[in-house]
Every structure is written in C-alpha cells, then in structure tokens.
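K.L.:
The sequence shown lines up with residues 1 to 139 when you count with full-length UniProt numbering. Even for Gly, the Cβ is constructed at its ideal location relative to N, Cα and C. Here it is, the structure in full.
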Amino acid sequence: MRSREPKEYISLTQNTRENYAEVFGKRLREANTCPNDGKRPSEDCAECRHRDYSEAKNATFAKIRIDLPTLTIIASDKTFSTQSGKWRRTIPYGSAGDCYSAHNCPQGRFSINLVDTGFAISKNSSWTLHGNRASQRIW
C-alpha cells in the first residue's frame with residue numbers, strides 16, 4: 001500500500017477448485033452436432049478430433065483484484081492466478097470458452113465462489129458472449 005497506486009485484492013477463502021476459468025480443449029469432428037445432450041465428453045471422446053484446441057487453458061484463482069470505488073472485480077488481473085496451457089493469453093476470472101461445437105453446446109466452464117469474503121455477485125451482473133455462434137448456460 002506504499003505505492004502511489006495501491007491495488008486491493010479479495011482473498012478467496014474457498015479452495016481454488018471453486019474459483020477457476022477454463023477454455024475447453026476438445027473439438028468435435030462434426031461441429032454442427034451436440035452429442036450426449038450437451039454433457040461433457042469423456043477423455044477418449046470418439047466424436048472428437050485427434051488434436052485438441054490450441055487455445056485450451058485452465059486457470060485457478062486464490063485472490064481477485066477489486067476496484068474499491070466501484071466495487072468491480074478486475075477480472076483481467078492474473079497476479080494471484082495459476083494459468084496452465086500452451087495458449088499465451090491469460091483467462092480472466094469469471095470467463096470460459098471452447099471451440100467444441102457450433103450447435104449451442106458450450107463446454108468451457110468457470111466457477112465463482114465468494115463465500116466468506118463479504119462480497120457477492122450482483123443479481124444485475126451479466127456475461128458477454130464473444131466469437132462465432134457463441135452460447136452460454138449460467139446457473
């Protein structure tokens with residue numbers, strides 16, 4: 001806090017398995033299908049291509065940066081994240097992606113768990129879709 005521009009972080013009290021972001025790695029051979037009613041494919045997915053999606057990546061988060069005046073999460077801050085995968089770009093907190101299917105069959109996932117932090121996601125929050133034939137399912 002001695003710097004001219006201090007940064008504030010929220011410590012996520014739940015383990016990192018509950019605060020993660022993922023760009024899913026598998027891709028279907030037939031992009032216009034959604035096998036198994038959209039359930040996640042097995043590791044040996046027969047319907048999937050042999051090569052995984054080159055932008056696949058996983059991230060876990062121990063702390064997230066917050067802008068105090070607006071109480072907004074700065075999702076792009078990766079200071080307290082662990083990122084794994086070949087893709088050079090980082091995965092922001094609260095985001096997901098895939099190139100699995102073009103048929104409303106999202107497989108990328110994220111999880112936000114703010115239990116015991118004193119913070120909550122506003123009911124007015126929304127997520128933005130990006131990409132070709134993007135879709136989302138949020139619970």
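(1) Check for me: the beta strand (DSSP E) holding G67 runs from which residue to which?
(2) Does the Cβ of G131 have 16 or more other Cβ atoms within 10 Å, making it buried, or fewer, making it exposed?
(3) For D98, count neighbouring Cβ atoms within 10 angstroms of its own Cβ and tell me buried if that reaches 16, exposed if not.
(4) Three or more C-beta pairs closer than 8 Å, one from the region 24–31 and one from the region 41–49: is that the case here?
(5) Please go through the same chain and pick out, in chain order, the residues whose beta-carbon is closer than 6 Å to the beta-carbon of A102, but skip the five residues on each side of it.
(6) Using only the alpha-carbon positions, how far apart do N15 and E8 sit?
P.N.:
Per the coordinate set shown:
(1) The identity of residue 67 in the sequence shown is Asp, whereas the question assumes Gly. Annotation for D67: the continuous beta strand (DSSP E) segment containing it runs K63 to D67.
(2) exposed
(3) Per the 10 Å Cβ criterion, buried.
(4) With a cut-off of 8 Å, the region 41–49 and the region 24–31 count as touching, because enough Cβ pairs lie within range.
(5) Contacts found: A31, N32 and R133.
(6) Straight-line Cα distance between these residues: approximately 20 Å.
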